Every structure is written in structure tokens, then in C-alpha cells.
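Novice: Just passing along the structure, written as C-alpha cells.
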Amino acid sequence: MDQPIKDLIKNEIEKNEVCLFMKGTPDAPQCGFSMATSNILKVLQVNFKGVNVLENQNLREGIKVFSDWPTIPQLYVKNEFIGGCDIVKEMYESGELAKLFESKNISFKAKS
2 MDQPIKDLIK NEIEKNEVCL FMKGTPDAPQ CGFSMATSNI LKVLQVNFKG
52 VNVLENQNLR EGIKVFSDWP TIPQLYVKNE FIGGCDIVKE MYESGELAKL
102 FESKNISFKA KS
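Heads up: the sequence shown begins at 2 in our numbering, then just goes up one per residue.
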């Protein structure tokens, strides 16, 4: 992976408390997994940055190398790699995701 891509990824992760590398954008996801993950964040009303990996092939491949994770979407919270769609979904359903946001002082709306 070239340095500019690595720097771009690091910059997005460091600048945004909650950063989702996804296919498409939060308002127009271009794959079901990206849609599901961004919808969970929207339901929790978490302020997050969606990074569209489809805009740049090097970014799309680079994020997989960066996190050592083969699939997209990928969720980072305060510089920590959380996981992909399945993990985020499981964490949301079990309440772990809300606990994670709470422990990292990220505002969200708890599901009622």
C-alpha cells in the first residue's frame, strides 16, 4: 500500500471519532452490508463520517491491508478498529455497541 493512501486512511480515522469505510455514502450506500452498518449508526443517532471506498481503488484495497480485514464496510471508533457488518450488527443487537460508545464518550441515542 502506498504512503499517500496510508496517510489518507490514518487521517480519516484520527479526525473522525466514528469513521465508517463503506461502499457508497451514508445517504446512498452501494451495497447491502454498507447500508446495514450505516443504518445501525443512524438508528443510534451517532455522528459518523462515511468514507466511500468506491471513489478510489487504492483506498478500497488499502483499507483491507491497513486493518488486516478482508471486507468492507469497516467501522473505526476513536482510532480503534471495531469490525465489519456482522460484528457491528451483533454488537448492536446485544447492546455492546451502545456500551462501546458510552465508554468512549460518544453521544448516541439508546434504543428503547
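Glycine included, every Cβ here is placed at the ideal spot set by N, Cα and C. Note that the structure is predicted; figures quoted are calculated from it, not measured.
Can you tell me where the beta strand (DSSP E) with residue 81 in it begins and where it stops?
Specialist: Residue 81 -> beta strand (DSSP E) spans 81 to 84.
Novice: Indicate the three-state DSSP secondary structure (helix, strand or coil) for residue 22 in the structure shown.
Specialist: Three-state DSSP puts residue 22 in a strand.
Novice: Assuming residue 35 and residue 74 form a contact by the criterion Cβ under 8 Å, report the distance between their Cβ atoms to the nearest whole angstrom.
Specialist: Between residue 74 and residue 35 the Cβ distance is about 5 Å, and since that is below 8 Å, they are a contact.
Novice: Counting along the chain, where does the beta strand (DSSP E) carrying residue 53 start and finish?
Specialist: Residues 50 to 53.
Novice: Rounded to whole angstroms, what is the Cα-Cα separation between residue 37 and residue 2?
Specialist: If you take the alpha carbons of residue 37 and residue 2, they lie about 28 Å apart.
Novice: Among the residues of its own chain, which have a CB less than 6 Å from the CB of residue 50, if the five just before and after it don't count?
Specialist: Closer than 6 Å at the Cβ level, and outside the excluded window around residue 50, lie 17, 20.
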